[in-house]
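Converting from the sequence shown to our numbering requires adding 11 to each position, the first position being numbered 1. Report on one structure; see the data block that follows.
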Amino acid sequence: FEQLKHDYSDLNLKQKELLANCKTLEDENQNLLQTIEKLDQEKNQLKEAYEKTEEQLSNEIVLLNELIEKQKDELNHSTRQTDDVQIDLKQNVEALQTRINNYENAVSQYEEYRLKLENNLQKITQQRDTNKMDLRLTREMLTNKENEFNQLKIQFDALEKSFQLFKERSSQNEPTINSLQKQIQQYEQQVLELNQTRSKDIQ
(Lines of atoms letter the chains of each structure in order from A and count residues from 1; the text may use other names and numbers.)
(Lines give C-alpha, C1' and ligand atoms only; values in the text may rest on other atoms or scores of the structure.)
Protein backbone atom coordinates (compact mmCIF):
# COMPACT_ATOMS: atom_id res chain seq x y z
CA PHE A 1 0.00 0.00 0.00
CA GLU A 2 2.83 2.43 0.84
CA GLN A 3 4.61 1.48 -2.42
CA LEU A 4 1.44 2.20 -4.40
CA LYS A 5 1.14 5.56 -2.69
CA HIS A 6 4.77 6.29 -3.60
CA ASP A 7 4.24 5.22 -7.24
CA TYR A 8 1.08 7.28 -7.36
CA SER A 9 3.01 10.36 -6.19
CA ASP A 10 5.86 9.73 -8.68
CA LEU A 11 3.47 9.38 -11.59
CA ASN A 12 1.73 12.56 -10.55
CA LEU A 13 5.07 14.45 -10.59
CA LYS A 14 6.04 12.93 -13.95
CA GLN A 15 2.67 13.93 -15.34
CA LYS A 16 3.29 17.55 -14.29
CA GLU A 17 6.80 17.47 -15.81
CA LEU A 18 5.47 16.11 -19.11
CA LEU A 19 2.76 18.78 -19.18
CA ALA A 20 5.42 21.47 -18.61
CA ASN A 21 7.64 19.99 -21.35
CA CYS A 22 4.68 19.83 -23.70
CA LYS A 23 3.86 23.52 -23.02
CA THR A 24 7.53 24.50 -23.58
CA LEU A 25 7.65 22.67 -26.93
CA GLU A 26 4.38 24.26 -28.00
CA ASP A 27 5.73 27.74 -27.13
CA GLU A 28 9.00 27.05 -28.94
CA ASN A 29 7.13 25.75 -31.97
CA GLN A 30 4.94 28.87 -31.99
CA ASN A 31 8.04 31.09 -31.80
CA LEU A 32 9.59 29.20 -34.72
CA LEU A 33 6.42 29.60 -36.76
CA GLN A 34 6.48 33.35 -36.10
CA THR A 35 10.19 33.50 -37.02
CA ILE A 36 9.54 31.57 -40.26
CA GLU A 37 6.69 33.92 -41.13
CA LYS A 38 8.92 36.93 -40.46
CA LEU A 39 11.76 35.46 -42.54
CA ASP A 40 9.31 34.73 -45.37
CA GLN A 41 8.25 38.38 -45.30
CA GLU A 42 11.89 39.54 -45.27
CA LYS A 43 12.68 37.12 -48.10
CA ASN A 44 9.81 38.47 -50.21
CA GLN A 45 10.82 42.05 -49.46
CA LEU A 46 14.44 41.28 -50.28
CA LYS A 47 13.40 39.51 -53.48
CA GLU A 48 11.34 42.51 -54.58
CA ALA A 49 14.16 44.90 -53.72
CA TYR A 50 16.67 42.62 -55.46
CA GLU A 51 14.59 42.40 -58.63
CA LYS A 52 13.97 46.13 -58.64
CA THR A 53 17.64 46.92 -57.97
CA GLU A 54 18.79 44.35 -60.53
CA GLU A 55 16.62 45.92 -63.22
CA GLN A 56 17.76 49.40 -62.24
CA LEU A 57 21.42 48.36 -62.19
CA SER A 58 21.10 46.56 -65.50
CA ASN A 59 19.64 49.68 -67.09
CA GLU A 60 22.34 51.85 -65.57
CA ILE A 61 25.07 49.44 -66.69
CA VAL A 62 23.72 49.54 -70.24
CA LEU A 63 23.59 53.33 -70.17
CA LEU A 64 27.05 53.55 -68.63
CA ASN A 65 28.49 51.16 -71.20
CA GLU A 66 26.94 53.23 -73.95
CA LEU A 67 28.32 56.36 -72.34
CA ILE A 68 31.76 54.76 -72.02
CA GLU A 69 31.72 53.73 -75.64
CA LYS A 70 30.57 57.18 -76.64
CA GLN A 71 33.27 58.84 -74.56
CA LYS A 72 35.85 56.41 -75.91
CA ASP A 73 34.80 57.42 -79.40
CA GLU A 74 34.99 61.06 -78.41
CA LEU A 75 38.38 60.41 -76.87
CA ASN A 76 39.60 58.75 -80.06
CA HIS A 77 38.34 61.66 -82.12
CA SER A 78 39.83 64.26 -79.81
CA THR A 79 43.41 63.03 -79.78
CA ARG A 80 44.48 66.36 -81.18
CA GLN A 81 42.84 68.26 -78.32
CA THR A 82 44.71 69.54 -75.34
CA ASP A 83 46.15 67.27 -72.66
CA ASP A 84 43.73 68.66 -70.06
CA VAL A 85 40.71 67.54 -72.06
CA GLN A 86 42.21 64.07 -72.53
CA ILE A 87 42.89 63.74 -68.79
CA ASP A 88 39.31 64.75 -67.91
CA LEU A 89 37.87 62.20 -70.34
CA LYS A 90 40.12 59.46 -68.96
CA GLN A 91 39.08 60.28 -65.38
CA ASN A 92 35.43 60.21 -66.38
CA VAL A 93 35.86 56.79 -67.98
CA GLU A 94 37.63 55.44 -64.88
CA ALA A 95 34.96 56.87 -62.59
CA LEU A 96 32.23 55.30 -64.70
CA GLN A 97 34.05 51.95 -64.68
CA THR A 98 34.34 52.16 -60.89
CA ARG A 99 30.61 52.76 -60.59
CA ILE A 100 29.93 49.74 -62.80
CA ASN A 101 32.17 47.58 -60.60
CA ASN A 102 30.42 48.84 -57.47
CA TYR A 103 27.01 48.05 -58.91
CA GLU A 104 28.14 44.55 -59.90
CA ASN A 105 29.51 43.98 -56.37
CA ALA A 106 26.21 45.14 -54.89
CA VAL A 107 24.33 42.65 -57.07
CA SER A 108 26.66 39.84 -55.91
CA GLN A 109 26.14 40.81 -52.25
CA TYR A 110 22.36 40.80 -52.69
CA GLU A 111 22.55 37.31 -54.20
CA GLU A 112 24.78 36.01 -51.37
CA TYR A 113 22.42 37.43 -48.72
CA ARG A 114 19.42 35.89 -50.49
CA LEU A 115 21.07 32.44 -50.51
CA LYS A 116 22.03 32.80 -46.85
CA LEU A 117 18.47 33.76 -45.94
CA GLU A 118 17.08 30.73 -47.80
CA ASN A 119 19.52 28.41 -45.99
CA ASN A 120 18.53 29.85 -42.60
CA LEU A 121 14.86 29.47 -43.48
CA GLN A 122 15.44 25.83 -44.43
CA LYS A 123 17.24 25.13 -41.12
CA ILE A 124 14.46 26.75 -39.12
CA THR A 125 11.86 24.74 -41.05
CA GLN A 126 13.75 21.53 -40.25
CA GLN A 127 13.94 22.53 -36.57
CA ARG A 128 10.20 23.23 -36.59
CA ASP A 129 9.52 19.77 -38.04
CA THR A 130 11.80 18.20 -35.41
CA ASN A 131 9.95 20.04 -32.65
CA LYS A 132 6.63 18.86 -34.06
CA MET A 133 7.87 15.27 -33.89
CA ASP A 134 9.18 15.78 -30.31
CA LEU A 135 5.85 17.33 -29.35
CA ARG A 136 3.92 14.38 -30.81
CA LEU A 137 6.14 11.86 -28.98
CA THR A 138 5.81 13.82 -25.74
CA ARG A 139 2.04 13.86 -26.07
CA GLU A 140 2.04 10.11 -26.67
CA MET A 141 4.20 9.59 -23.57
CA LEU A 142 1.89 11.87 -21.62
CA THR A 143 -1.14 9.86 -22.75
CA ASN A 144 0.55 6.59 -21.74
CA LYS A 145 1.53 8.01 -18.35
CA GLU A 146 -2.00 9.31 -17.83
CA ASN A 147 -3.35 5.83 -18.57
CA GLU A 148 -0.86 4.29 -16.10
CA PHE A 149 -1.76 6.99 -13.61
CA ASN A 150 -5.49 6.26 -13.98
CA GLN A 151 -4.96 2.50 -13.59
CA LEU A 152 -2.81 3.02 -10.53
CA LYS A 153 -5.38 5.43 -9.08
CA ILE A 154 -8.09 2.79 -9.57
CA GLN A 155 -5.91 0.23 -7.75
CA PHE A 156 -5.09 2.77 -5.07
CA ASP A 157 -8.75 3.66 -4.53
CA ALA A 158 -9.71 -0.03 -4.38
CA LEU A 159 -6.94 -0.77 -1.90
CA GLU A 160 -7.85 2.25 0.20
CA LYS A 161 -11.48 1.10 0.21
CA SER A 162 -10.39 -2.41 1.26
CA PHE A 163 -8.18 -0.96 3.95
CA GLN A 164 -11.03 1.17 5.27
CA LEU A 165 -13.33 -1.86 5.27
CA PHE A 166 -10.68 -3.86 7.13
CA LYS A 167 -10.39 -1.09 9.73
CA GLU A 168 -14.16 -1.05 10.19
CA ARG A 169 -14.32 -4.83 10.59
CA SER A 170 -11.37 -4.77 12.98
CA SER A 171 -13.15 -2.12 15.02
CA GLN A 172 -16.31 -4.26 15.10
CA ASN A 173 -14.39 -7.42 16.11
CA GLU A 174 -12.32 -5.72 18.81
CA PRO A 175 -14.77 -6.48 21.71
CA THR A 176 -14.89 -10.15 20.69
CA ILE A 177 -11.07 -10.31 20.51
CA ASN A 178 -10.77 -8.71 23.96
CA SER A 179 -13.30 -11.19 25.39
CA LEU A 180 -11.41 -14.15 23.91
CA GLN A 181 -8.13 -12.85 25.29
CA LYS A 182 -9.68 -12.62 28.78
CA GLN A 183 -11.02 -16.18 28.49
CA ILE A 184 -7.58 -17.42 27.43
CA GLN A 185 -6.01 -15.69 30.43
CA GLN A 186 -8.60 -17.30 32.71
CA TYR A 187 -7.92 -20.75 31.21
CA GLU A 188 -4.19 -20.26 31.62
CA GLN A 189 -4.71 -19.24 35.25
CA GLN A 190 -6.87 -22.30 35.89
CA VAL A 191 -4.27 -24.58 34.28
CA LEU A 192 -1.56 -23.00 36.41
CA GLU A 193 -3.59 -23.51 39.58
CA LEU A 194 -4.32 -27.14 38.64
CA ASN A 195 -0.64 -27.77 38.02
CA GLN A 196 0.24 -26.28 41.39
CA THR A 197 -2.41 -28.44 43.10
CA ARG A 198 -1.10 -31.60 41.40
CA SER A 199 2.40 -30.72 42.41
CA LYS A 200 1.36 -30.39 46.05
CA ASP A 201 -0.56 -33.69 45.94
CA ILE A 202 2.45 -35.49 44.53
CA GLN A 203 4.67 -34.13 47.29
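Glycine included, each C-beta is placed from N, C-alpha and C at the ideal position.
For residue i, the nearest candidate out of the options (CA to CA)
i: Gln108; options: Leu132, Lys127, Asn76 and Glu65; result: Asn76
i: Ser119; options: Leu68, Ser20 and Lys178; result: Leu68
i: Lys81; options: Val104, Glu65, Glu71 and Glu59; result: Val104
i: Lys83; options: Gln102, Glu65 and Glu71; result: Gln102
i: Tyr121; options: Gln192, Gln45 and Lys58; result: Lys58
i: Thr154; options: Leu29, His17 and Ser20; result: Leu29
i: His17; options: Phe167, Gln192 and Leu176; result: Phe167
i: Leu44; options: Asp140, Ala60 and Tyr61; result: Asp140
i: Glu65; options: Asn116, Asp38 and Glu37; result: Asn116
i: Ile61; options: Glu123, Ser173 and Arg150; result: Correcting the residue identity first, residue 61 is Tyr in this sequence and not Ile. Comparing Cα positions, the closest option is Glu123.
Within-9 Å CB hit, residue i to chain C
i: Pro186; result: Annotation note: the requested chain C is absent from the structure, which comprises a single protein chain.
Within the chosen definition, does the stretch 146–162 reach the stretch 30–47 through at least 3 CB pairs nearer than 8 Å?
-> yes
Count the CB pairs spanning the stretch 149–167 and the stretch 38–57 that are closer than 8 Å, and state whether there are at least three.
-> no
Just checking, does the stretch 20–28 make contact with the stretch 130–144 on the three C-beta pairs under 8 Å criterion?
-> no
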